[in-house]
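Mind the numbering: the sequence shown is residues 33 to 276 in my numbering, read in order.
No residue lacks a Cβ here, since even glycine has one placed at the ideal position from N, Cα and C.
As the structure is a prediction and not an experimental result, all values here were calculated from the model.
The block underneath contains the structure these notes are about, expressed in structure tokens.
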Amino acid sequence: MSSKRCKIHYRKLRRDNGQFPSESLSAKIQQALNTRKGASRIGESVQHRIAEVPKQEGYRRFLNDFYETDEYVFGDICLFSPGEMQALLQLSADPAHPTLDEVMKAWAIAESKAPAGHEYLHGIAYWLAIGDHFYQIQHVTLQAKSMEEYLTWLLRDQSGAISGAQYVELQAEFDRDQVGGDLGDVRSIEIGGLVPETIRPAPPPVPATPGRVVEVETHESLGDRIAVGGDREHRLSCDPEKIR
33 MSSKRCKIHY RKLRRDNGQF PSESLSAKIQ QALNTRKGAS RIGESVQHRI AEVPKQEGYR
93 RFLNDFYETD EYVFGDICLF SPGEMQALLQ LSADPAHPTL DEVMKAWAIA ESKAPAGHEY
153 LHGIAYWLAI GDHFYQIQHV TLQAKSMEEY LTWLLRDQSG AISGAQYVEL QAEFDRDQVG
213 GDLGDVRSIE IGGLVPETIR PAPPPVPATP GRVVEVETHE SLGDRIAVGG DREHRLSCDP
273 EKIR
């Protein structure tokens, strides 16, 4: 069973200096998506959700897939550059008995445009907003600052859901007054763990034959490990229902 490590970054909307309305972040995102832009709502056309990237000429961010309910909204943010070329490495089989000239040759490198109607993506980040709480599986090119810039553009410049003097700031550091309790050295919250790609059932037991030694191979799932305390990593978990 192969697994991949998934890290979810938690942030909370900052509103201590009046830079955001009284409504929650998720409510304002939903308001923005339902704001009409021309003949359609912003949520109905991806063209209404494409924003330029500050100080990165030619790059674009956009909200692609999303889903909303009365309590939360989630989706993904993509980064691309129209007309971007992609580097390609042309592989060639090494000859069994290469000559010196053949050894000195390198694989060819070329650039190619995306197929017609497509663009190369530089990164995808996944996010979830519940009230003022913001969770993100981020990409190296789409981290918290990118989300702040995009959400500020969507809510303020594109939809007018917040005023021209307001903006989105996602706070990574917390204090006792905000969260409550003794935080000690905690400055941020990251929810992490192993996500199995496939989970196979344990093999049936092999009956032992008297007088023989039988080797039995067993498989242990992540759930089994956690249940018996096998996962030794210490993490600070975060329950959305308890921090609203």
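With respect to the C-alpha of TYR182, the residue from ARG93, SER195, SER113 and VAL172 having the closest C-alpha is ARG93. When DSSP reads this structure, GLY155 sits in a beta bridge with LEU111. Close CB contacts of ALA148 within its chain, under the 8 Å cut and outside five residues either way in sequence, are absent.
Take the alpha-carbon of SER178 and the one of SER144: they are about 28 Å apart. Counting the other Cβ atoms within 10 Å of the Cβ of ASP164 gives 16 or more, which makes it buried.
Per DSSP, TYR182 is not a residue of any beta strand (DSSP E); the alpha helix (DSSP H) it occupies stretches across 176-184. Close CB contacts of VAL105 within its chain, under the 6 Å cut and outside five residues either way in sequence, are with SER58, ILE61, GLN62 and ALA161 (chain order). Selection SER77, ARG43, CYS38 and ALA176 evaluated against GLN190 yields SER77 as nearest (Cα-Cα).
When secondary structure is reduced to three states using DSSP, LEU65 falls in the helix class. For TYR91 against LEU111, the beta-carbon gap comes to about 7 Å, under 8 Å, which counts as contact. For GLU116, the CB contacts under 6 Å within the same chain, skipping 5 residues up- and downstream, are TYR152 in chain order.
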